[in-house]
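Scroll down for the structure; my scribbles are underneath it.
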Amino acid sequence: MTRRGKNDALARFFLFFRVCRRVVELQARIAGSVSSSCPAMPTDSAISVARGLLQKIGLELAFASSTGVEGVTTLRQLLESLAESLSQNAAPPELGGMATAATGWLTGQTALNSEIAAHFNLWHPWMEDALSAWSHGLPLPALPTALPTAPAASSPATDSAEPQPVTVLPEGADDELMRLFCAEAEDLLRDIEQGVLKLEDAPDDADTLATVFRAFHTFKGNAAVMKLVVLQRLAHELESLLDAARRGTRPLTRGAIDVILAGADVFSKYVAEAARQLDGHDAGRSIPLPIPAVVARVRSVLSGEAAPVAPAPAAPPSAVPFPAKPAVPPAGVPVVATAAAAAPAAVAPAPARAAAAHGGSIRVDTQKLDGLVDLVGELVIAQSMVSRGAEARGVDEHFARSLGQLRGITADLQRTALTLRMIPIRGTFQKMTRLVRDLAGQLGKEIRLVVDGDETEVDRTVIEEIGDPLMHMVRNAADHGIELPAARAAAGKSPAGTITLRARHEGGFVVIEIADDGGGLDPARLRVKAIERGLIPADTILDDHDALELIFAAGFSTAESVSDLSGRGVGMDVVRRNIERLRGTVEIDSQLGAGTTFTIFLPLTLAIIEGLLVAVGDQQFILPAVNVRESFRPRPGDVTTVQGRGELVDVRGQLLPLLRLGRHLGMETAVADPMQAIVVVVEAGHDRRGLLVDTLVGRQEVVIKGLGETFTGHDSFAGAAILGDGRVGLILDTTALVRLSPTRAETAA
Amino acid sequence: MTTTAPSSTATTSAQPGKYLTFDLGGEIYGMSVLRVREIIRLCPVTPVANMPRHIRGVINLRGRVIPLVDLRARFGLPAALDHDRTCFIVTEVAAANGGLRPYAVVIDSVREVACLTAADLVPTPDFGGAIDDRFITGMARTESSVITLIDIDSIAAADATAAIHDPAAGDQHAGDQPTS
């Protein structure tokens, strides 16, 4: 039979399989071997959406073979929508898991081969049954265990029903994420093993029970993130077992502990193999794991039966992520291999713990890391002091060359030390994926999130701080940017909008872009709105770019209707301020009708800044160079005093408030006459202020250090740094100084 | 801080052990050696404006920025000029995150490390408010002298609140009008 012919046959027999499946399912129910978990009742709309999708999927399945690539693509989109809709409506995990798993089968496929078609023939009726069970609040039918439940692609070229060697690592899985998963799994499994052994002696130890339960729960979550559905399922089962013990409904018997250890061993085996393959050994090899057997044992322990002790293997152990042998004969007659039937107790004894010794990553206390960075910074300063001393004395060529080498090494060392604090921005971007999905559901829009460059490394502190502003901007893009599907269609665009998150390194900056292909901003409307709100005088002339900048003004909101998602008037001004606090900038670009792009520039590290050294009296202070606009010596008449507003300085026709730094800090100044002093214009956001200092000393890159708890509540200094002469220099908090109210500045003066 | 005795009781919460003793305003004080990290000579101090008078500023200890507190000022003793025996004791005090943080104090001169037994410890007499007794854990009597034992954690913990509430900060030059 040709492949084409087979597919046609499958399409024709589709209905027949469903009937067969129903009968088998009915028998299973009568036999009482269905899962007893009672899921929560879903809403009617959730069910009808899922039903509709499932129906479309059924149609696509019937036609997929004849339409080829196009059919598979549509099918995959439908499956993705189904998985999303299910997870949004808190469907039972098995239901969502199967939807996700089915999406995985299609990865890398251009057409439905007979193997996948056979999977779907089992999958579709199960989904229908499960959906109707869910809608009635009934227990879900047992999972068709013959189905592979993790995404992976087999080679579509062969028609053989023979088991194919498949990789332990899901195809398309991120190696680095997988490594993290393995590293954490090793820790969790160690906790589990130790905890369980402790429980053996003291089965009622509530703390240990909770620890082991949590460890399984975390493992399950991690497995879900990695789409390792099979592992997730087993973890789920073990978790329920522990939950029962935790609630006291089923004390941990010897048998239960054996099962838990067996489960942990399965995970250990998987993790060890995954780690090995990640390191390039036998990549692509599949290993048999007795997961159905362990699941069956867990179930039997839960239901109070004695754990089945090594019955003859009725079905081959499933491999991860594919079963070693899909229990589907070529003709496609559904064979329901229930979990109970497949129970080989071929549980290996505890495998030698795969030590975390092979390369990878290690976790280091951040305090140690900061200590190292401190010392390296110190070394750089000491090195520059040596160099300067040597140059002043005059040294021979050989020594000068050695000094040059030392300088190179210390610079490299510093760069390396600073990268230790950098982590990929991936985690932050992943949160946005979830956010966009939720928002799309709430707003009734179709939104696709495209993420690019999520491996870009950013300072840990930046990662912690950038989440909120990013979330706000993504929310804005979804709420105000992307139009409703109908409006998009009317504008000749695809009904699904796209939000793109991009990160990259560029010229000493981390650049993050948030782009949407929505309606864009109308400069004219922004201008009108700003005038309406009294943000700018009515006669202001603005070019388009300046008009776009208005959305960063405080109290500006473009939403026609204030929604509960965004548009509360606290918006982009807060975003800009947060980004500026990280010493970054944000820019906007928008084409009416085509979309809006925000570009955030952030410094690579928060540990080092370019500082401008200024002197007041006998003390030197550091101003972050990024906040300094200009500096000049005032001429007579430049400095004036306005009653109630303090001193002002004339900067090319613009009057800026002037703060005498010496007076503000209660210090003696070396220069009494402003005409002999220097005005440094500092900027924070759109606010500027002149700072009067004695002299400018120079520029220097400095390593920022916190002032510590003793100075909590101090509002003039942002930190401290070691200066070239070994003294501590204080870094002025320009934002606080600029935003100091004129009256406060006056009383302080 | 849990080792600080309530001021109303005349008991001592000080534990027997090794104490670093030092001179301050003609008296002898001691602090547990377990809290002493090192003793350093005078080094350049960067004053931090708008802080209570007893906080001299910050120093650079091999790349770390460490607060420096004048114990004379902290205890309300008359100020004295630094001399060649004046030194800084770098201690470790409890940090808000549960760890330890470095904290340096200026003292007149270091004496010795004394081993104090339970028999040496005596209940804290009433100081009549002369010295803030929340910083004192007890007294010890040896053959030749009386040692006041201080609790460096309480001293450090009192700074954060001082920075916010102490009006003696010195930046409020009332009546000093801006020039016109």
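Chains A and B, in that order, give the protein sequences. Just so we're aligned: 394 in the numbering used here is position 80 of the first sequence, and the numbers increase by one with no gaps anywhere. Just so we're aligned: 127 in the numbering used here is position 57 of the second sequence, and the numbers increase by one with no gaps anywhere. Just so it is clear, CB atoms sit at the ideal spot from N, CA and C, and this is done for glycine as well.
- Using a 10 angstroms sphere on the CB of PHE713(A), the tally of other CB atoms stays under 16, which defines it as exposed.
- For VAL180(B), the beta-bridge partners assigned by DSSP are PHE92(B).
- THR724(A) is positioned such that its CB atom lies no closer than 8 Å to that of LEU784(A).
- Of all residues in the region 906-918 of chain A, none is placed with a Cβ closer than 9 Å to any Cβ belonging to chain B.
- LYS1019(A) sits in a strand when the DSSP states are folded into three classes.
- Of all alpha-carbon atoms in GLY87(B), PRO114(B), ARG171(B) and GLY100(B), the one lying nearest the alpha-carbon of GLN934(A) is that of PRO114(B).
- When Cβ-Cβ separations below 8 Å define contact, LYS682(A) makes no contact with chain B.
- In this structure, the alpha-carbon of ALA431(A) lies about 38 Å from that of LEU502(A).
- In the displayed model, ALA588(A) falls within a helix according to three-state DSSP.
- Around the Cβ of HIS819(A), a 10 Å sphere holds fewer than 16 other Cβ atoms; the residue is exposed.
- When TYR584(A), GLY722(A) and ALA921(A) are compared, the shortest CA-CA separation from LEU483(A) is found for TYR584(A).
- Among the residues of chain A, those whose CB is under 9 Å from the CB of MET121(B) are THR1024, PHE1025 and HIS1028, following chain order.
- With its beta carbon at least 8 Å from every one in chain B, MET699(A) lies outside the interface.
- For THR522(A), the number of other beta carbons within 10 angstroms of its own is at least 16, and it is reported as buried.
- Counting along the chain, PRO439(A) sits inside the alpha helix (DSSP H) bounded by residues 428-449.
- At the C-beta level, VAL995(A) and VAL965(A) come within 8 Å of one another.
- Between ILE828(A) and VAL764(A), the C-beta spacing is not below 8 Å.
- One Cα belongs to VAL539(A), the other to ASP488(A), and the distance between them is close to 11 Å.
- Judged by beta-carbon spacing, ILE826(A) lies beyond the 8 Å limit of ILE796(A), meaning their Cβ atoms are not closer than that value.
- Closer than 8 Å to the CB of LEU962(A) there is not a single CB belonging to chain B.
- Interface with chain A (8 Å Cβ-Cβ cutoff): ASP152(B) is excluded.
- Sequence-ordered contacts of the region 1005-1020 of chain A with chain B read LYS1019 [C-beta pairs closer than 7 Å].
- Note on GLN546(A): 16 or more other CB atoms within 10 angstroms of its CB, so buried under the neighbour-count rule.
- Here the region 700-718 of chain A makes no contact with the region 672-692 of chain A; the two share fewer than three CB pairs at distances below 8 Å.
- Contacts with chain A at 8 Å (Cβ-Cβ) include ARG132(B).
- For the set ARG974(A), ASN427(A) and GLY909(A), the Cα lying nearest the Cα of ALA791(A) is the one of GLY909(A).
- The beta carbons of ILE371(A) and LEU400(A) sit no closer together than 8 Å.
- Assignment of VAL115(B) by DSSP, reduced to helix, strand and coil, places it in the coil class.
- PRO971(A) places its beta carbon less than 8 Å from that of LEU962(A).
- Going by beta carbons, VAL1017(A) and ILE922(A) fall inside the 8 Å limit.
- According to DSSP, residue pairing for VAL609(A) in a beta bridge does not occur.
- For the region 1041-1057 of chain A, the set of residues with a beta-carbon nearer than 9 Å to any beta-carbon of chain B comprises ARG1041, VAL1042, GLY1043 and LEU1044, in chain order.
- Interface residue (Cβ-Cβ distance to chain B less than 8 Å): ASP688(A) is classified as such.
- Sorting LEU603(A), GLY577(A) and ALA559(A) by C-alpha distance to the C-alpha of SER617(A) places ALA559(A) at the top.
- Per the Cβ contact rule, the region 1020-1028 of chain A is in contact with the region 127-140 of chain B (3 or more Cβ pairs under 8 Å).
- Of all residues in the region 156-175 of chain B, the ones placed with a Cβ closer than 8 Å to any Cβ belonging to chain A are ALA165, ALA166, GLY169, ARG171 and TYR173, in chain order.
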